[in-house]
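Undergrad: Provided herewith is a single structure, encoded as C-alpha cells, for subsequent inquiry.
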Amino acid sequence: MTFIAKPKLHHPSLVKNKAGYTRRDYEGAVSTLCAGCGHDSISAAIIQACYELDILPHQVAKLSGIGCSSKAPTYFVGASHGFNTVHGRMPSVMTGANLANKDLIYMGVSGDGDSASIGLGQFAHVMRRGVNMTYILENNGVYGLTKGQFSATADMGSKAKKGAVNTDAPVDTVSLALLMGATFVARSFSGDKKQLVPLVKAALAHQGAAFIDVISPCVAFNNHPGSTKSYDYVREHNEAVNRLDFFPTRESINIDYSAGGVIDVPQHDGSVIKLRKLHADYDPSDKINAQSMVASAAAKGEVLTGLLYLAPDAEDLHAHLNTFDTPFNKLGEKDLCPGSAMLDKINAALR
Ligand SMILES: Cc1ncc(C[n+]2csc(CCOP(=O)(O)OP(=O)(O)O)c2C)c(N)n1
Ligand code: SF4
Ligand SMILES: [Mg+2]
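Just so you know, the working numbering puts 200 at position 132 of the sequence shown, and the rest follows in order with no gaps.
This is how it looks when you write it as C-alpha cells:
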C-alpha cells in the first residue's frame, strides 16, 4: 500500500487562514515512510509554509521522481495536482508543465539519488533555465527506497550501515545549483523547523529557480556513527549563516531589531525577506562569496545552512523566452496555430 487516506473530519474550532483553510487542509495522505524519517519533517514544514502563505491548494503542482523522498508529495497538500515522474526525470516534466501553465505554483520534490545520481543532468538544466519553482532536495546520502546504497551526495569516507566506506567524491548540490544559475539557493536540516519553514515560504514567493537542499537523515540506512548525514553529525557540525523571517507584503512587517544586523531583500512580487544576520558580513546577494563560504565550510566538515544566495534581479524561464501573459493552456486554436499562410512564410525563410 503506498498511501492511507486521512479522515476528512475537522474540529470546528480549527483556525482558518485568509484562504479559508485550516492547517489540516494542507495535509495529504497518512505517511508510510519509516517513523522518524527526515522526509516527514520536511512535509510538515511544507504544510506549515503553504498554510501560512494562504496558498490555494488547487493552484499547487507538486512533481517528483522516484524514491522515498519522491513519495513525500503524497503526504502534503492533498487537494493539489501531483505527478510522480520517472526516476531522475522530474525536472524536464516540470519544465514542460510550467511552460504550458505558468499560473500554477510549482514544487519539485526529489532525493539525492533522484537528483544527483541518475538525474544530475536534468537537475543542472532546470536550474540554468530558471524554471519558476521551489525545488526541494531531501538529501540523506543514500538510496533509501532501494535499501541504502551510497548516493552521489554521500561524503567520501562516510560509512554505510554494514561498514562499507564510500570512496567516491561527493556531488555538492548547493554548489552545483549556484554554478548552474539558480537564483535562490539555501540549505537546511529537516529537524530545524524554525529555519526550514521561512525558507520554504521565501522560496515559494521567489520568481525563478529556487533550490533548497535539506539534509534529511534516513533512520533505516543512514543514521549511524560514521554517516555524515545522520541527526547527530548534522547537529554537531551545523553552522547557520543567517536567521530568516519571511513576510508577504500583505502582512505588516514586524522584526526584532535587537537581535543583530538586518537586511531587506525585496522579491519581484513585492514581498520582502528579512534576514537577521548572525555573521555581520554575510551578504546573500554575493554569489562568489556564497560559493566560497560553502566550499570552505565543506573543507572544515561543516554544514552551512541558511539562505546562501538570492539574486536581487532574478528572472524566470518565461521572462527569458518573452512568452505571452496568458498561459499557453488557456489560449485557443486561433492563437496557438498561426495558419498555413504563416507556415508557408516560415518555411520559405528556411529554404
Ligand atoms: C530508471 C530507474 N533506475 C533505478 C531505479 C531504482 N531506484 C528506485 S528509487 C532509487 C534511489 C532513490 O534514492 P533517492 O532519490 O536518494 O531517494 P530516497 O529513497 O533516499 O529518499 C533507485 C536507484 C528506478 N526506479 N528507475
Ligand atoms: S528507508 Fe530511509 S528514506 Fe526511506 S522512509 Fe525509511 S528512513 Fe526514510
Ligand atoms: Mg536519498
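Ideal Cβ placement from N, Cα and C applies to all residues, glycine included. Because the structure is a prediction, the values reported are computed rather than measured.
Output needed for Leu246: all residues of its chain with C-beta closer than 8 Å, excluding positions within five of it in sequence on either side, in chain order.
TA: Translated into the one-based positions of the sequence shown, residue 246 becomes position 178. Correct list, in chain order: Val253, Lys355, Ala358, Gln359, Val362, Leu376, Tyr377.
Undergrad: Around the Cβ of Met201, are there at least 16 other Cβ atoms within 10 angstroms (buried) or fewer (exposed)?
TA: For the purposes of this step, residue 201 is identified with residue 133 of the sequence shown, where counting begins at 1. So Met201 ends up on the buried side.
Undergrad: Alpha carbon to alpha carbon, what distance is there between Ala278 and Tyr203?
TA: Your numbering for residue 203 matches position 135 in the sequence shown. Your numbering for residue 278 matches position 210 in the sequence shown. Rounded to whole angstroms, Tyr203 to Ala278 spans 6 Å at the Cα level.
Undergrad: Would you say Ala97 touches ligand 2, meaning its beta carbon is less than 6 Å from a heavy atom?
TA: To locate residue 97, count along the sequence shown from 1; it is residue 29. Outside the cutoff, so no.
Undergrad: Measure how close the beta-carbons of Ser138 and Gly164 come, nearest whole angstrom, since I'm counting them as under 8 Å.
TA: Position 70 of the sequence shown, counting from 1, holds the residue named residue 138. Position 96 of the sequence shown, counting from 1, holds the residue named residue 164. About 18 Å; that fails the 8 Å criterion.
Undergrad: Is Gly189 helix, strand or coil when you go by DSSP?
TA: Here residue 189 refers to the residue found at position 121 of the sequence shown. The answer is helix: DSSP assigns Gly189 an H, G or I state.
Undergrad: May I have a chain-ordered list of the alpha helix (DSSP H) segments no shorter than 4 residues that lie completely inside the segment 253-310?
TA: Fully enclosed alpha helix (DSSP H) runs of 4 or longer: 261-273, 299-305.
Undergrad: Given a cut-off of 7 Å on the beta-carbon distance, is the pair Thr153 and Leu205 in contact?
TA: As a working note, residue 153 is residue 85 in the sequence shown. As a working note, residue 205 is residue 137 in the sequence shown. Their beta carbons are not under 7 Å apart, which means Thr153 does not touch Leu205 by this criterion.
Undergrad: Output the boundary residues of the alpha helix (DSSP H) element that contains Ser178.
TA: On the sequence shown, residue 178 is found 110 positions in, with the first residue counted as 1. From DSSP, Ser178 is part of no alpha helix (DSSP H) but of the beta strand (DSSP E) over 173-179.
Undergrad: In chain order, what residues place their C-beta within less than 5 Å of a heavy atom belonging to ligand 2?
TA: That query returns the following residues: Leu101, Cys102, Cys105, Cys136, Gly212, Cys286, Val287, Ala288.
Undergrad: Assign Phe392 to one of three DSSP states: helix, strand, or coil.
TA: Counted from its first residue, the sequence shown places residue 392 at position 324. The answer is coil: DSSP assigns Phe392 none of H, G, I, E or B.
Undergrad: Alpha carbons only, please: which of Ile114, Leu121, Met158, Gln116 is nearest the one belonging to Leu131?
TA: Here residue 131 corresponds to residue number 63 of the sequence shown, with the count starting at 1. Residue Met158 is the option with its Cα nearest to Leu131.
Undergrad: Using only the alpha-carbon positions, how far apart do Lys74 and Gly96 sit?
TA: As a first step, residue 74 must be located in the sequence shown, where it is residue number 6. As a first step, residue 96 must be located in the sequence shown, where it is residue number 28. Approximately 7 Å between the Cα atoms of the pair.
Undergrad: Could you give the DSSP three-state label for Gly407: helix, strand or coil?
TA: On the sequence shown, residue 407 is found 339 positions in, with the first residue counted as 1. If DSSP states are grouped into helix, strand and coil, Gly407 belongs with coil.
Undergrad: Indicate whether the contact test is met: 3 or more Cβ pairs, each with one atom in the segment 114-123 and one in the segment 291-298, closer than 8 Å.
TA: No, the segment 114-123 does not touch the segment 291-298.
Undergrad: From the DSSP output, in three-state form, read off His421 for me.
TA: Because the chain in this structure spans residues 69 to 419, residue 421 falls outside the shown range and cannot be described.
Undergrad: Suppose contacts are defined by Cβ-Cβ distances below 7 Å. Is Ala87 in contact with Asp122 by that definition?
TA: Indexing the sequence shown from 1 puts residue 87 at position 19. Indexing the sequence shown from 1 puts residue 122 at position 54. Yes, Cβ-Cβ distance for Ala87 and Asp122 is below 7 Å.
Undergrad: Could you name the residues of the same chain whose beta carbon sits closer than 6 Å to that of Ser160, not counting the 5 residues immediately before and after it, in chain order?
TA: The sequence position of residue 160 within the sequence shown is 92, counting from 1. Excluding residues within five positions, the ones whose Cβ falls inside 6 Å are Gln190.
Undergrad: Could you give the distance in angstroms between the alpha-carbon of Ala409 and the alpha-carbon of Ala416?
TA: Your numbering for residue 409 matches position 341 in the sequence shown. Your numbering for residue 416 matches position 348 in the sequence shown. Computed Cα separation, rounded: 11 Å.
Undergrad: Opposite Thr373 in the DSSP bridges: which residues?
TA: Position 305 of the sequence shown, counted from the start, is the residue given in the question as residue 373. DSSP, once it has assigned bridges, lists Ala308 as partnering Thr373.
Undergrad: Ends of the alpha helix (DSSP H) at Gly164?
TA: Mapped onto the sequence shown, residue 164 falls at position 96. 158-168 is the extent of the alpha helix (DSSP H) around Gly164.
Undergrad: Tell me the start and end of each unbroken alpha helix (DSSP H) in the segment 188-229 that is at least 4 residues and wholly inside, in chain order.
TA: Qualifying alpha helix (DSSP H) stretches, in chain order: 188-197.
Undergrad: Quick one: what does DSSP say Lys76 is sitting in, helix, strand or coil?
TA: On the sequence shown, position 8 is the one that residue 76 refers to. Lys76 falls in the coil class under three-state DSSP.
Undergrad: Considering only heavy atoms of ligand 1, does any lie closer than 6 Å to the CB of Asn306?
TA: Numbered from 1 along the sequence shown, position 238 holds the residue referred to as residue 306. The answer is no for Asn306.
Undergrad: Suppose you measure from the CA of Gln335 to the CA of Ser219; what does that come to, to the nearest Å?
TA: Position 267 of the sequence shown, counted from the first residue, corresponds to residue 335. Position 151 of the sequence shown, counted from the first residue, corresponds to residue 219. Interpretation of Gln335 is limited by its pLDDT of 49, a score under 50 that renders its predicted location unreliable; the figure taken from the coordinates is listed afterwards. Taking the straight line from one Cα to the other gives about 34 Å.
Undergrad: Return the residue from the list Cys136, Gly104, Asp108, Met175 that minimises the CA-CA distance to His126.
TA: On the sequence shown, position 58 is the one that residue 126 refers to. When only C-alpha atoms are compared, the closest one is Met175.
Undergrad: Around the C-beta of Ser13, are 16 or more other C-beta atoms found within 10 angstroms, so that it is buried, or is it exposed?
TA: Since the first residue shown for the chain is 69 and the last is 419, residue 13 is missing from the structure and cannot be characterised.
Undergrad: Compute the Euclidean distance between the alpha carbons of Ser364 and Ser243, then round it to the nearest angstrom.
TA: For the purposes of this step, residue 364 is identified with residue 296 of the sequence shown, where counting begins at 1. For the purposes of this step, residue 243 is identified with residue 175 of the sequence shown, where counting begins at 1. Their backbone Cα atoms lie some 11 Å apart in a straight line.
Undergrad: Could you tell me whether the segment 249-264 touches the segment 278-288, using the rule of 3 or more Cβ pairs below 8 Å?
TA: Verdict: yes, contact present.
Undergrad: On the DSSP bridge assignment, give the partners of Leu131 in chain order.
TA: Walking along the sequence shown from the start, residue 131 turns up at place 63. In the DSSP output, where bridge partners are listed per residue, Leu131 has Phe151, Gly176.
Undergrad: For Leu213, I'd like the list of residues in its chain whose CB is within less than 6 Å of its CB, leaving aside the five on either flank, ordered along the chain.
TA: Looking up residue 213 in the sequence shown gives position 145. Gly135, Cys136, listed in sequence order.
Undergrad: Using the C-alpha atoms, what's the distance from Leu172 back to Thr391?
TA: For the purposes of this step, residue 391 is taken as residue 323 along the sequence shown, with counting starting at 1. For the purposes of this step, residue 172 is taken as residue 104 along the sequence shown, with counting starting at 1. Approximately 16 Å between the Cα atoms of the pair.
Undergrad: Would you mind sorting Ile110 into buried or exposed? The rule is 16 or more other CB atoms within 10 Å of its CB.
TA: For the purposes of this step, residue 110 is taken as residue 42 along the sequence shown, with counting starting at 1. Ile110 comes out buried.
Undergrad: My output table needs one value for Leu378: the three-state DSSP class, helix, strand or coil.
TA: What you label residue 378 is simply residue 310 of the sequence shown in a count that begins at 1. Note: Leu378 maps to strand in three-state DSSP.
Undergrad: Taking the C-alpha atoms as reference points, what is the distance between Lys402 and Leu389?
TA: Sequence index remark: in the sequence shown, residue 402 carries index 334 (1-based). Sequence index remark: in the sequence shown, residue 389 carries index 321 (1-based). About 21 Å.
Undergrad: I'd like the span of the alpha helix (DSSP H) that includes Lys355, first residue to last.
TA: By one-based count along the sequence shown, residue 355 stands at place 287. First-last of the alpha helix (DSSP H) with Lys355: 355-367.
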